[in-house]
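**Q**
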Amino acid sequence: SEAATATATAKAVPTAAPLRAPSSSLQERALRLMSALHCTGQLLGGQMCVISSGDVVVDASCGSMGVVDARPVRNETLFEVFQLSGGLLSLLVMQQIHSGALSIDESVASAWPKFGTNGKEKITLKQLLHHRSGLASAVPKKKTLRELCDWQAMVDAIANGERARANTGARNGSASAGETETNVHAYARTHGGDKRGGSGDDCGGSADDAVGEYEGGAWGWAVSGLLAYGSRSDGSRRNGGGSGGGGGNSGSGGGHRLSSLLRRRLASPLGCPSELHFGV
12 SEAATATATA KAVPTAAPLR APSSSLQERA LRLMSALHCT GQLLGGQMCV ISSGDVVVDA
72 SCGSMGVVDA RPVRNETLFE VFQLSGGLLS LLVMQQIHSG ALSIDESVAS AWPKFGTNGK
132 EKITLKQLLH HRSGLASAVP KKKTLRELCD WQAMVDAIAN GERARANTGA RNGSASAGET
192 ETNVHAYART HGGDKRGGSG DDCGGSADDA VGEYEGGAWG WAVSGLLAYG SRSDGSRRNG
252 GGSGGGGGNS GSGGGHRLSS LLRRRLASPL GCPSELHFGV
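Structure (structure tokens):
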């Protein structure tokens, strides 16, 4: 799930010198550009921080907190960063692939058997990472916010959910799915051939595979479930995929394994074990 929430420290406004701001022509150019964007209405508020070889070369910001919040953005201001967990989950998956705990060309169900139901048996890890798994429509309808924030319940729902086919969106009258398919194929034709499937499909799928479509929460729950139940942090495969993700009472164990993986593989090596975590 998109469960991780991070904060970023805002920088000082252009009208006042930023704390510990670098003194360089690049810093001044960044301040002028951001001020111009703000004054012309193209930027409500923003931040820019550029680090090169460990040195901060740009530390600038401008504007206000929001339309109804006129407070200026300052160095101590905190902001939520959404969709952050996607990058962390992808990095953890690539580490697991590198260690041999997962294989990018094998089916997700081969590592996480509970996932292999309702047309999802042959979805590969590559297809999942490419947002071509067909899981965008697998999120249960009419869920409350409390239910959507229940990581184990949503992992179970995705594991038991159905995979959409390539034309499901058009058949259901979904404009976003149709537009996505058109854009994906147009891009593919422009950049080296149509990626509709068959022999030229870069995900190894057939002609009726689901097209590329941003899969949002379903993607996050599927990937985090795979990490929690499909592999061990020491590089060995789990046996049977665990009882979580397909029912059972081991939800807290799955969340603990996912959090432990993040801490050992990323947070601790980066020196921030208490600052980076998944809310599961």
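Quick note: to get the numbering used here, add 11 to the position in the sequence shown (first position is 1). For glycine and all other residues, C-beta sits at the position ideal for the given N, C-alpha and C. Values in this document were obtained by computation on a predicted structure and should not be read as measured data.
Evaluate S285 with the Cβ neighbour count: other Cβ atoms within 10 Å of its Cβ, from every protein chain shown; 16 or more gives buried, anything less gives exposed.
**A** So S285 ends up on the exposed side.
**Q** Short check: CB of G227 to CB of L100, under 8 angstroms?
**A** No, these two residues do not count as a Cβ contact at 8 angstroms.
**Q** Assuming V234 and L113 form a contact by the criterion Cβ under 8 angstroms, report the distance between their Cβ atoms to the nearest whole angstrom.
**A** Not really, about 11 angstroms apart at Cβ, beyond 8 angstroms.
**Q** With a 10 Å radius around its C-beta and 16 neighbouring C-beta atoms as the bar for buried, classify G203 as buried or exposed.
**A** Bear in mind that a pLDDT of 40 at G203, under 50, signals an unreliable position, so the number given afterwards is only what the model happens to contain. Exposed, because fewer than 16 other Cβ atoms sit within 10 Å of the Cβ of G203.
**Q** If I follow the unbroken alpha helix (DSSP H) through V68, where does it start and stop?
**A** Counting along the chain, V68 falls outside any alpha helix (DSSP H), though it belongs to the beta strand (DSSP E) covering D66 to G74.
**Q** When DSSP labels each residue in this structure, what does S63 get in the three-state scheme?
**A** In this structure, S63 counts as strand in the three-state DSSP scheme.
**Q** Excluding the five sequence neighbours on either side, which residues of its own chain have a C-beta within less than 7 angstroms of the C-beta of L269, listed in chain order?
**A** Excluding positions up to five away in sequence, the list reads S235, L238, A239, F289 and V291.
**Q** Between S63, V84 and G56, which lies nearest to Q38 when the distance is taken from Cα to Cα?
**A** Here the closest residue by C-alpha is S63.
**Q** Which residue comes first and which comes last in the beta strand (DSSP E) that contains E132?
**A** That residue, E132, is in no beta strand (DSSP E); it is neither H nor E in DSSP.
**Q** Residues in its own chain within less than 6 angstroms of N129 by CB, not counting five upstream and five downstream?
**A** These residues qualify, in order along the chain: E173.
**Q** Taking the beta carbon of A170 as the centre, do at least 16 other beta carbons fall within 10 Å, making it buried, or is it exposed?
**A** The residue in question, A170, is buried, as its Cβ has 16 or more Cβ neighbours within 10 Å.
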